[in-house]
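In what follows, a single structure is set out as structure tokens and then discussed.
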Amino acid sequence: MNDQTSPEDAGPAHTILVRHSGLGGRSDGRTHYLVVVDGLEPGRRVELRESALRIGRTEPCELVLPDPGISRTHCRIENRFGEIVVTDLGSTNGTFVDGRKVAGTTRLPVDSTLQVGEQVLRHEFRDRKEIEDSRELDRDLEKARLYVQSMLPEPWSSGPILTEWMVLPSTQLGGDALGHHALDDQRYALYLVDVSGHGAGAAMHTVSVMNVLRHHALPRIDFGEPAEVLQGLNAMFDMDQHGGMYFTIWYGVYDTRSRMLRYSSGGHHPAFLVPPARSEAIPLHTRNMAVGTFPGYEFKSGEIEVPPDYALYLFSDGVFEIVTAEGNEWRLQEFLPLLLQPPAASMTEPRRLHEAVAKVSGRDGFDDDFSMLVARFQ
């Protein structure tokens, strides 16, 4: 099952209706905004100008949020002598500023959050040009995200290897991508790439690397030999020639006749092979430099025989490098026990693990991309 997260996964489409654009700007170019940080349309920004702005579930409110937890006319935003204030208009479920329920009228300071129903909006006071530049960056990030998304493979639901995967980009968009494809009638390649940095530049560098892997665009390289592949990539993507960007990679080739899995990791943590009984997680790792960091480096590979029904877990560091709800930093060793827990009948393995990590962190979104490929060998 393809478990990629997309806008459609979030549920039915919703519209935030803004009939009127609100409260006062300033001659120095700075203007007050409300930006949706959690809710129906994250990232949506509403400029506040001169007159009062009413928020509610239906018109005639100027800002309409079709959330059942919001009253028809929920609250009012006003500019009083240069300060933004919010007044609850007798709403059923209350209006909250930074988690505190509003009784009557209260200040809405810059950088504070306003919650109505399930919608959370932040008060910003920013330069108009800065906002336009931010919007342009957001558009570039979205284009890059869609480009990377278009390169992800269809999962294999039949054949000698069954796969399922999940790629959940962070808000900054990292440089993760994963793939698998047949090399010939008996050999199959599986790989995950993680480019350093975030943003459109990192994503487009990932696209370049993935195109090389998909189209075997390394001269005189046997793509069935993982160490050769990493050496070829290292020569092609020297960080000094690519804006200082480098990447980590795990690349493996499975031979269906011999049942041998050959692999090489360049600066990447291990992939793990897990038996059907989930009794252990066998690390598959080679001590190599990250790709692009050291010209002429000689990469090493390893190999292992894969019994039937064993599963390979290949993932990025964004899967386990989290901060727990209690403020503790997780590393790989804290994450590994989750691999050995029983599968969930109603969801894929990547989705099960994502929900488990989200529960530990206390949040759905992570600071880095969450990317995972699970391959089961028949």
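In terms of the numbering used here, the sequence shown opens at residue 1 and continues consecutively.
Glycine residues also receive a C-beta, built at the ideal position from the N, C-alpha and C atoms.
In terms of alpha-carbon separation, which member of the options lies closest to residue i?
i	options	result
Glu78	Phe366, Ala356, Asp88	Asp88
Glu164	Val360, Gly362, Leu353	Leu353
Leu183	Asp222, Tyr147, Ser157	Asp222
Arg57	Pro66, Ser265, Asp369	Pro66
Val291	Phe320, Val319, Gln231	Gln231
Leu168	Ile161, Pro160, Ala177, Leu162	Ala177
Val116	Asp98, Glu124, Lys129	Asp98
Phe299	Arg331, Thr92, Leu314, Pro226	Pro226
Ile249	Val319, Glu334, Leu192	Leu192
Leu40	Val120, Val110, Gln333	Val120
Met289	Asp238, Met151, His215	Asp238
Gly362	Glu154, Ser346, Asp369, Asn328	Asn328
Leu312	Pro153, Thr92, Leu162, Thr95	Leu162
Would you tell me roughly how many angstroms separate the C-alpha atoms of residue i and residue j, rounded to the nearest one?
i	j	result
Arg26	Gly267	Confidence in Arg26 is poor, its pLDDT being 48 and thus under 50, which makes the residue's placement unreliable; the coordinate value appears in the next sentence. Looking at the two C-alpha atoms, the distance is approximately 50 Å.
Arg72	His32	24 Å
Val37	Val229	42 Å
Gly199	Glu59	38 Å
Val392	Gly90	Residue 392 is absent from the model: the chain starts at 1 and stops at 378.
Cys75	Val86	7 Å
Tyr297	Ala202	23 Å
Gln378	Arg145	33 Å
Thr293	Phe272	25 Å
Val35	Val306	51 Å
Glu275	Ala281	Note that residue 275 corresponds to Pro in the displayed sequence, not to Glu. Going from the Cα of Pro275 to the Cα of Ala281 covers about 8 Å.
Ser51	Leu63	13 Å
Gly22	Glu124	Note that Gly22 has pLDDT 42, beneath the 50 cutoff, so the model's placement of it is unreliable and the number below is only indicative. Distance between the alpha carbons of Gly22 and Glu124: 14 Å.
Write down the C-beta distance between residue i and residue j rounded to the nearest angstrom, noting that I regard them as a contact closer than 8 Å.
i	j	result
Tyr263	Ser316	Not confirmed; about 16 Å, so no contact.
Asp309	Arg376	7 Å
Leu190	Leu373	7 Å
Asp127	Gly29	5 Å
Val253	Arg187	6 Å
Tyr246	Ser196	5 Å
Met236	Met151	Their Cβ separation, rounded to whole angstroms, is 18 Å, which puts Met236 and Met151 out of contact at 8 Å.
Which residues bound the beta strand (DSSP E) around residue i?
i	result
Asn79	75-80
Gly379	The structure shown does not extend to residue 379, since the chain is modelled only from 1 to 378, so the question has no answer here.
Ser371	370-377
Arg262	260-266
Ile249	247-255
Leu162	161-168
Which residues mark the beginning and the end of the alpha helix (DSSP H) in which residue i is found?
i	result
Phe335	332-339
Ser208	200-215
Glu154	Glu154 -> no alpha helix (DSSP H), and no H or E assigned at all.
Fully enclosed by the region 280-360, which alpha helix (DSSP H) runs are 4 residues long or longer? 332-339
Scan the region 84-125 and note each continuous beta strand (DSSP E) run of 3 residues or more that stays entirely inside, going in chain order. 95-97, 105-107, 113-116
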